[in-house]
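Reading through the structure tokens given below for one structure.
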Amino acid sequence: MLDKLGVYQDILSVAAETNEFDFYSANGSHIGVLPMGNLHKRKYGYGCMRILRSLLHEKIMAKATEAGITIHMGKRLTAIDETQDSVKVTFSDGTTETCDILVGADGIHSTVRTKHVQPILEPTYTGLSSLYSLVPISTLQSPLYFNGNFGAIMLSSGLFATGFYDRERQHMYWFNTHEVASRDRDGWTAHGKESETIKAQVLERTSNITIPLVREIVESSPDIKFYPIYTLPSGGKWYTGRTILIGDAAHGNCSPLYLL
Numbered sequence: 203m204l205d206k207l208g209v210y211q212d213i214l215s216v217a218a219e220t221n222e223f224d225f226y227s228a229n230g231s232h233i234g235v236l237p238m239g240n241l242h243k244r245k246y247g248y249g250c251m252r253i254l255r256s257l258l259h260e261k262i263m264a265k266a267t268e269a270g271i272t273i274h275m276g277k278r279l280t281a282i283d284e285t286q287d288s289v290k291v292t293f294s295d296g297t298t299e300t301c302d303i304l305v306g307a308d309g310i311h312s313t314v315r316t317k318h319v320q321p322i323l324e325p326t327y328t329g330l331s332s333l334y335s336l337v338p339i340s341t342l343q344s345p346l347y348f349n350g351n352f353g354a355i356m357l358s359s360g361l362f363a364t365g366f367y368d369r370e371r372q373h374m375y376w377f378n379t380h381e382v383a384s385r386d387r388d389g390w391t392a393h394g395k396e397s398e399t400i401k402a403q404v405l406e407r408t409s410n411i412t413i414p415l416v417r418e419i420v421e422s423s424p425d426i427k428f429y430p431i432y433t434l435p436s437g438g439k440w441y442t443g444r445t446i447l448i449g450d451a452a453h454g455n456c457s458p459l460y461l462l
């Protein structure tokens with residue numbers, strides 16, 4: 203899809219290609235490699251990559267602007283009226299638009315789904331949030347424990363993963379799952395004292411990991427971000443006559459790795 207839009211090469215030039223996923227035990231022993239990106243590349247012609255979502259948006263929006271496509275910000279959908287010939291959408295500011303086809307690519311809490319396609323289908327919070335942070339590699343002294351752009355340490359409950367999200371390998375991220383009450387369905391950020399408390403909890407949960415980078419990258423994190431993990435029941439409706447849901451709006455589900 204990105205290639206069809208003419209933006210794939212722009213993204214590839216700044217993203218971290220992640221064609222192999224290295225897995226390790228808590229003591230640093232190498233368990234194995236999941237060559238998912240290489241498998242995808244052989245089958246589809248494209249591998250896997252990691253990139254900041256904000257940078258991905260920037261690249262796509264630049265290409266849209268170049269193509270003369272207008273993007274409206276700050277719009278909130280309030281109503282959808284579908285006929286045999288068209289779809290009319292109404293926004294909170296009173297404006298309307300009429301189109302041939304409406305595509306709902308608005309995530310697991312999709313307004314297109316709840317307002318029109320299947321209002322009774324609601325996502326359920328799993329009780330887990332993915333904790334993560336972004337850390338410049340210049341602040342770290344410990345050696346890398348993985349070979350490529352992604353390494354995951356398997357624990358008795360879940361995993362602790364680290365990786366690069368830029369082509370130059372100057373910026374890393376880490377993530378770990380955590381049982382926590384959902385404060386905001388769209389996620390939140392812990393700062394200051396709360397952040398230090400969460401860091402201590404993460405370090406306690408991962409205390410059996412002997413790989414030095416893990417403790418250092420957590421302690422070096424400027425803040426801790428929470429992304430609550432929701433899931434949709436299977437078998438839901440994903441289209442009507444002229445409206446279609448794609449991505450998490452249609453089949454939001456969490457990776458089995460989150461539930462370990």
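All the letters of the sequence shown, read from the start, carry residue numbers 203 to 462 under our numbering. Note that CB positions come from ideal geometry on N, CA and C, so glycine has one too.
*asked:* Tell me whether the region 308-322 and the region 351-366 touch, counting them as touching only if at least three CB pairs, one residue from each stretch, are closer than 8 Å.
replied: Too few Cβ pairs lie closer than 8 Å, so no.
*Please determine if the region 443-454 and the region 365-384 are in contact, where contact requires at least 3 C-beta pairs separated by less than 8 Å.*
Contact between the region 443-454 and the region 365-384 is absent, because fewer than three Cβ pairs lie under 8 Å.
*Counting Cβ pairs closer than 8 Å, one from the region 419-437 and one from the region 390-407, do we hit at least three?*
They touch, by the three-pair rule.
*Excluding five sequence neighbours on each side, which residues of the same chain lie with their C-beta closer than 7 Å to the C-beta of Met-238?*
Your numbering for residue 238 matches position 36 in the sequence shown. Hits under 7 Å: Phe-223, Cys-250.
*For Asp-212, collect the residues of the same chain with a Cβ closer than 6 Å to its Cβ; drop the 5 residues on either side in sequence, then sort them by chain order.*
Counting from one through the sequence shown, the residue named residue 212 turns up at place 10. Residues Lys-261 of the same chain have their beta carbon placed closer than 6 Å to that of Asp-212, with the five preceding and five following residues left out of the count.
*Between Gly-306 and Ala-217, which are expected to be in contact by the criterion C-beta below 8 Å, what is the C-beta distance as a whole number of angstroms?*
Within the sequence shown, residue 306 is the residue found at index 104, counting from 1. Within the sequence shown, residue 217 is the residue found at index 15, counting from 1. Not confirmed; about 26 Å, so no contact.
_Do His-393 and Ser-332 have their beta-carbon atoms positioned less than 9 Å apart in this structure?_
On the sequence shown, residue 332 is found 130 positions in, with the first residue counted as 1. On the sequence shown, residue 393 is found 191 positions in, with the first residue counted as 1. Contact flag unset, no.
*Contacting residues, own chain, Cβ-Cβ under 7 Å from Gly-208 (five flanking each side not counted)*: Residue 208 sits at position 6 when you count from the first residue of the sequence shown. Only Lys-265 meet the Cβ criterion.
*From Asn-221 to Ala-354, what distance separates their C-alpha atoms?*
By 1-based counting over the sequence shown, the position of residue 221 is 19. By 1-based counting over the sequence shown, the position of residue 354 is 152. For the pair Asn-221 and Ala-354, the Cα-to-Cα distance works out to about 14 Å.
_Where the beta strand (DSSP E) through Ala-392 begins and ends_ = Position 190 of the sequence shown, counting from 1, holds the residue named residue 392. Start and end: 390-392.
*Measure the C-alpha to C-alpha separation of Glu-324 and Arg-387 and round it to an integer number of angstroms.*
Counted from its first residue, the sequence shown places residue 324 at position 122. Counted from its first residue, the sequence shown places residue 387 at position 185. So the alpha carbons of these two residues sit roughly 12 Å apart.
*asked:* Just to check my reading of the structure: Phe-293 and Leu-279 have Cβ atoms closer than 8 Å, yes? What is that Cβ distance to the nearest angstrom?
replied: Here residue 293 refers to the residue found at position 91 when the sequence shown is read from its first residue. Here residue 279 refers to the residue found at position 77 when the sequence shown is read from its first residue. So it is a contact: roughly 6 Å between Cβ atoms.
_Spatial neighbours of Met-263 in its chain, beta-carbon cut-off 7 Å, leaving aside the 5 residues before and after_ = Translated into the one-based positions of the sequence shown, residue 263 becomes position 61. Excluding sequence neighbours, Met-263 sits near Ile-273.
*Tell me the DSSP bridge mates of Met-374?*
For the purposes of this step, residue 374 is taken as the residue at position 172 of the sequence shown. Residue pairing from DSSP places Met-374 in a beta bridge opposite Val-337, Phe-366.
*Compute the Euclidean distance between the alpha carbons of Trp-376 and Tyr-347, then round it to the nearest angstrom.*
For the purposes of this step, residue 376 is taken as the residue at position 174 of the sequence shown. For the purposes of this step, residue 347 is taken as the residue at position 145 of the sequence shown. Here the C-alpha atom of Trp-376 lies approximately 13 Å from the C-alpha atom of Tyr-347.
*Complete runs of the beta strand (DSSP E) confined to the region 395-437 [at least 3 residues]*: DSSP runs (the beta strand (DSSP E)) wholly in the region 395-437: 426-433.
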